[in-house]
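See structure below.
Protein chains: 2
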Amino acid sequence: MNRIPVSSPASVTVFRRILTHGPIGRVDISRATGLSQAAVTKAVTPLITAGFVVEDDELRSTPVVGRPISPLAVARDRAHIIGIKITAERTYGVLTDLAANVLARTEEHNASTAVDDVIAAATSVVDRLRDSSPTPIDGLGVAVSGDVDREGGMVRDSPLLGWKGVALAEALETATGIPALLENDVRALTVTELLFGSARDASSFAVITIGTGIGCGIYLHGKVVEGAHGVAGEIGHLPLGPRDAVCSCGRRGCVEAVASTPAVLELVRAGHDDPSITTEDAFALAHDGDPVARRAFEQAGEVIGSALAALVNLVGPETVVIAGENVTEYDLYANALRTAFSEHAFGAASECDIQLRPHRFDDWARGAAACVIEVIAGGLATQAA
Amino acid sequence: MNRIPVSSPASVTVFRRILTHGPIGRVDISRATGLSQAAVTKAVTPLITAGFVVEDDELRSTPVVGRPISPLAVARDRAHIIGIKITAERTYGVLTDLAANVLARTEEHNASTAVDDVIAAATSVVDRLRDSSPTPIDGLGVAVSGDVDREGGMVRDSPLLGWKGVALAEALETATGIPALLENDVRALTVTELLFGSARDASSFAVITIGTGIGCGIYLHGKVVEGAHGVAGEIGHLPLGPRDAVCSCGRRGCVEAVASTPAVLELVRAGHDDPSITTEDAFALAHDGDPVARRAFEQAGEVIGSALAALVNLVGPETVVIAGENVTEYDLYANALRTAFSEHAFGAASECDIQLRPHRFDDWARGAAACVIEVIAGGLATQAA
């Protein structure tokens, strides 16, 4: 990957600030990062020389004393990235510039979840987006749910895709000719929130995704929590559900076992003894006041609210963003969620700012692109291929 | 407080390395911290000048080329600190040197939990330890359970003491004439583990304390997690207990409601309809196979095991240290704890290294002293009085 020649951690810090808050003056970078103005200037120089940062002359101001000052901005057109999000049914892709602005999007049906079929769909998505790019593509970010070995580019275990031990990054590099970075999808979304979302000024935050699975990304002390053994943020597998509920992971009492979209659907189908009910039917039934459907969504809300309380009681983030494709139906479980959260959040932890953010799959794909931008910026250079 | 003149964050990092791993050579400090040898030398010079770090001439070695090299050690006698741990019944105190070696200990019965009575006991403890110190006392660390405002020196809410809004640091400074640093007791114990315990080389770890309360300190990305709203590590208040169990905090279903020592005792008393049963009686009954007592401890183990799984699933620490005064009776609930943990730990999170560490109250007091040493070392200078 075409990396910025980073000479120091200060360069990474400065580049990230320009990326998230640019156009921004050197004084403001100094204030926000705690670096001296001399250190900011030293860090910026190689970024400008390499063409990744530009002085924004349109915003130039002339101080009373001294020479004119131009704020700094990321050179958006300097690199182009493709991010894709793979789900069991479809592969979604976006083309972005170096500032993660989405320039084009597309999606493709997967013929099946077989690895070859998904790679075919992903390659088709990449080829279409590549045609829209004004420059060669600098990197491909790939977001997949499950246990992902980022450094090895390996999907260790993705229950939703039915994959174990798939060397996806290498396969996609071979198919597309673009350096690929594999990332857990919730972590990708967390990076998007960190760089461009409402959490970009939070000292700590968590993103909870509600949908086919229930996941969580946690940002603390300047980094996304990875887990010493590669597992973290598994809020969907806290044992807060009913003890008799069996999860898709095989364990009992997991949050996901009653609160994921498929689990709610299963409860509605069982309650009506009708396996033909679809997710859309379940939403419609609940909106129409059907007691079985309402109860299923309320139980999901209760368990998610308890999980949210567990999260804030343990790590106390400043902000929690609730996201995911199911959030559009949030009103079906919002009350139960808030009640359970209030009951169990401990003391000042309940002051945590909880925000709702409906994400489309494109946002996950953009997150995968944002992870590549982080690598290009050198922030994670040691971890990436 | 008599702070080391710290010129850079590198000095703090270097001092901490010498504190935890000294006597240690400059090359090894460089290797462990990632700082260049020139940066280590630059950081060490003011520490030596101020007398906080010494060259250990007894361990001097003469390389084939160049001048003799002496490893660096903390100048233990350069400062003396008193740490105290306040419980409802007694106040425990230790005198330590700058390397947190315990030089003397004492304890005192509190006449009551009234603030004045506790301050009287604490003053008596401090006076006795001061008499044992070869130099004037440089700082007083105070560990108290509950919600503690470290910066303001204020006990916001300590249910075990029945205190709300007590300006304890100032009161103790007035009574003893020593600058005081107030600290939540679990955080103090976490700092001890971080600096001197088995977790000192772990990239991340958590300490869970089991006793009158159930608490948790989490160390991630180089810092103890504080919580954006001042609350973190409240593992005792995760809603993993039976829904009908009422906690001392007023909430339902908390871990503490069935797994704290008083909660287990209450269950044994209720089962035998005998309010005169003591904690020691309950331990004895359980060891003798009394089914009521055994079931009470097993339930505690199950709930703590689930809480431990929730912790590792969310934040994935490398190591968990289980500590506290109740740990001596760990065999009464160890099996139930491990079974519940195995059932609910997700994937590789179950590889977390779980260690058992019986702590005495002296260790908590030493933790309070260690927090003062951190302040003296400048690492937390901005947060302390």
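Just so you know, the sequences run in chain order Y and R.
Quick note, the numbering used here runs 8 ahead of the 1-based positions in the first sequence.
Quick note, the numbering used here runs 8 ahead of the 1-based positions in the second sequence.
Idealized CB from N, CA, C, for every residue including glycine.
If you're wondering where the values come from, they're calculated on a predicted model, not measured in any experiment.
Bridge partners - Ala214(Y), DSSP secondary structure assignment: The residue you call residue 214(Y) lines up with position 206 of the first sequence. Ile226(Y), Val328(Y), per the DSSP bridge assignment.
Separation of Arg195(Y) from Ala392(R), as counted between CA atoms: Along the second sequence, one-based indexing puts residue 392(R) at 384. Along the first sequence, one-based indexing puts residue 195(Y) at 187. With a pLDDT of only 27 at Ala392(R), under 50, the local geometry of the prediction cannot be trusted, and no value is derived from it.
Validate contact between the segment 293 to 308 of chain Y and the segment 269 to 279 of chain Y using beta carbons, cut 8 Å, 3 pairs: Result yes; three or more Cβ-Cβ pairs closer than 8 Å.
Rounded separation between Arg164(Y) and Asp155(Y) - CA only: The sequence position of residue 164(Y) within the first sequence is 156, counting from 1. The sequence position of residue 155(Y) within the first sequence is 147, counting from 1. Roughly 5 Å between the two C-alpha positions.
Short-range partners of chain Y found in the segment 333 to 357 of chain R, where Cβ spacing is below 9 Å: Taking a C-beta cut-off of 9 Å against chain Y, the contacting residues of the segment 333 to 357 of chain R are Ala348, Glu351, His352, Ala353, Phe354, Gly355, Ala356, Ala357, listed in chain order.
Closest Cα partner of Cys257(Y) within the set Ala317(R), His352(R), Val52(R): Sequence index remark: in the first sequence, residue 257(Y) carries index 249 (1-based). Comparing Cα-Cα distances from Cys257(Y) to each of Ala317(R), His352(R), Val52(R), the minimum goes to His352(R).
Contacting residues, own chain, Cβ-Cβ under 7 Å from Tyr338(R) (five flanking each side not counted): For the purposes of this step, residue 338(R) is identified with residue 330 of the second sequence, where counting begins at 1. Within the same chain, Leu364 come within 7 Å of Tyr338(R) by CB-CB distance, once the 5 residues on both sides are set aside.
Identified DSSP bridge partners for Leu319(R): Looking up residue 319(R) in the second sequence gives position 311. Leu319(R) pairs with nothing; no bridge assigned.
Short CB-CB distance (under 8 Å) between Asp157(R) and chain Y: Mapped onto the second sequence, residue 157(R) falls at position 149. It does not: the Cβ of Asp157(R) has no partner Cβ on chain Y nearer than 8 Å.
Selected residue, minimal CA-CA separation from Asp85(R), among Val52(R), Ile92(R), Phe60(R): Taking the first residue of the second sequence as 1, we reach residue 85(R) at position 77. Residue nearest to Asp85(R) within the set Val52(R), Ile92(R), Phe60(R) is Phe60(R) (criterion: CA-CA distance).
DSSP state of Asp165(Y) mapped onto helix, strand, coil: Position 157 of the first sequence, counted from the start, is the residue given in the question as residue 165(Y). Under the three-state reduction of DSSP, Asp165(Y) is assigned to strand.
The segment 203 to 210 of chain R contacting the segment 241 to 255 of chain R, beta-carbon criterion three pairs below 8 Å: Result no; under three Cβ-Cβ pairs closer than 8 Å.
Pick from Leu197(Y), Glu288(Y), Gly221(Y), Ala377(Y) that is closest to Val329(Y), judged by C-alpha positions: As a first step, residue 329(Y) is located in the first sequence; it is residue number 321 there, counting from the start. Among Leu197(Y), Glu288(Y), Gly221(Y), Ala377(Y), the Cα nearest to that of Val329(Y) is on Leu197(Y).
Length of the line joining the Cα atoms of Ala308(Y) and Ala331(Y): Residue numbering aside, residue 308(Y) sits at position 300 when the first sequence is read from its first letter. Residue numbering aside, residue 331(Y) sits at position 323 when the first sequence is read from its first letter. The C-alpha of Ala331(Y) is placed about 15 Å away from the C-alpha of Ala308(Y).
Segment contact, 8 Å Cβ cut-off, at least three pairs: the segment 178 to 196 of chain R with the segment 139 to 149 of chain R: By the Cβ criterion, the segment 178 to 196 of chain R is in contact with the segment 139 to 149 of chain R, since at least three pairs of Cβ atoms, one from each stretch, lie closer than 8 Å.
Selection from Ser268(Y), Asp281(Y), Thr286(Y), Val311(Y) that minimises the alpha carbon distance to Thr217(Y): Counted from its first residue, the first sequence places residue 217(Y) at position 209. The shortest CA-to-CA distance from Thr217(Y) to any of Ser268(Y), Asp281(Y), Thr286(Y), Val311(Y) is the one to Ser268(Y).
Under 7 Å by beta carbon: chain R residues contacting Ala240(Y): The residue you call residue 240(Y) lines up with position 232 of the first sequence. By Cβ distance, chain R contributes Leu322, Val323, Gly324.
Alpha-carbon spacing of Pro325(Y) relative to Gly221(Y), whole angstroms: Position 317 of the first sequence, counting from 1, holds the residue named residue 325(Y). Position 213 of the first sequence, counting from 1, holds the residue named residue 221(Y). For Pro325(Y) and Gly221(Y), the distance between alpha carbons rounds to 22 Å.
Reduced DSSP category for Glu242(Y) - H, G, I as helix; E, B as strand; rest coil: The residue you call residue 242(Y) lines up with position 234 of the first sequence. Note: Glu242(Y) maps to coil in three-state DSSP.
Residue nearest to Ser314(Y) in terms of C-alpha spacing, selected from Ile243(Y), Phe369(Y), Asp298(Y): In the first sequence, counting from the first residue as 1, residue 314(Y) sits at position 306. When each option's Cα is compared against that of Ser314(Y), the closest is Ile243(Y).
Pro79(R), buried or exposed, once every other Cβ within 10 Å from all chains shown has been counted against 16: Residue 79(R) sits at position 71 when you count from the first residue of the second sequence. With 16 or more other Cβ atoms inside 10 Å of its own Cβ, Pro79(R) counts as buried.
Any C-beta of chain Y under 8 Å from that of Val14(R): By 1-based counting over the second sequence, the position of residue 14(R) is 6. Its pLDDT being 46, under 50, Val14(R) is placed unreliably by the model, and nothing is read from it.
Run of the alpha helix (DSSP H) containing Ile384(R), from where it starts to where it stops: Taking the second sequence and counting its residues from 1, one reaches residue 384(R) at position 376. Looking at the DSSP string, the run of the alpha helix (DSSP H) that includes Ile384(R) is 369 to 384.
Sub-8 Å separation of Val133(Y) and Thr114(Y) beta-carbons: For the purposes of this step, residue 133(Y) is taken as residue 125 along the first sequence, with counting starting at 1. For the purposes of this step, residue 114(Y) is taken as residue 106 along the first sequence, with counting starting at 1. Going by C-beta atoms, Val133(Y) is nearer than 8 Å to Thr114(Y).
Beta-carbon proximity of His245(R) to Val263(R), cut-off 8 Å: Locating residue 245(R) in the second sequence gives position 237, counting from the first residue. Locating residue 263(R) in the second sequence gives position 255, counting from the first residue. Closer than 8 Å, so yes.
Amino acids of chain Y, ordered along the chain, whose beta-carbon sits closer than 8 Å to that of Cys360(R): If you number the second sequence from 1, residue 360(R) lands on position 352. Counting only Cβ-Cβ distances below 8 Å, Cys360(R) has contacts in chain Y at Ala236, His237, in chain order.
Where Tyr100(Y) falls: helix, strand or coil (DSSP): Numbered from 1 along the first sequence, position 92 holds the residue referred to as residue 100(Y). The answer is strand: DSSP assigns Tyr100(Y) an E or B state.
Short Cβ contact (8 Å threshold) for Asn118(R) with Arg98(R): In the second sequence, counting from the first residue as 1, residue 118(R) sits at position 110. In the second sequence, counting from the first residue as 1, residue 98(R) sits at position 90. Yes, the Cβ-Cβ distance between Asn118(R) and Arg98(R) is below 8 Å.
Segments assigned alpha helix (DSSP H), at least 4 residues, entirely inside the segment 253 to 285 of chain R: Qualifying alpha helix (DSSP H) stretches, in chain order: 264 to 267, 269 to 280.
Where Leu228(Y) meets chain R, residues with beta-carbon distance less than 8 Å: The residue labelled residue 228(Y) in the question sits at position 220 within the first sequence. The answer, in chain order, is Leu228, His229, Val233.
Cross-chain neighbours of Pro167(Y) in chain R, by beta carbon under 9 Å: Taking the first sequence and counting its residues from 1, one reaches residue 167(Y) at position 159. Near Pro167(Y) there are no residues of chain R at all, since even the closest Cβ is about 11 Å away, more than 9 Å.
For His88(Y), the first and last residue of its enclosing beta strand (DSSP E): Position 80 of the first sequence, counted from the start, is the residue given in the question as residue 88(Y). From DSSP, the beta strand (DSSP E) with His88(Y) extends over 88 to 94.
As assigned by DSSP and simplified to three states, the class of His352(R): Along the second sequence, one-based indexing puts residue 352(R) at 344. Of the three classes helix, strand and coil, the one that applies to His352(R) here is helix, per DSSP.
Residue from Glu159(Y), Gly173(Y), Ile77(Y) with nearest C-alpha to Val123(Y): Mapped onto the first sequence, residue 123(Y) falls at position 115. Checked all of Glu159(Y), Gly173(Y), Ile77(Y); the closest Cα to Val123(Y) is Gly173(Y).
7 Å Cβ shell around Pro247(R) - same chain, five flanking residues per side excluded: Reading the second sequence from its first residue, position 239 is the one you call residue 247(R). Shown here for Pro247(R): same chain residues with a beta carbon closer than 7 Å to its own, the five before and five after excluded, namely Gly261, Cys262 in chain order.
Collapsed DSSP secondary structure at His117(R) in the structure displayed: If you number the second sequence from 1, residue 117(R) lands on position 109. Here His117(R) sits in strand by DSSP.
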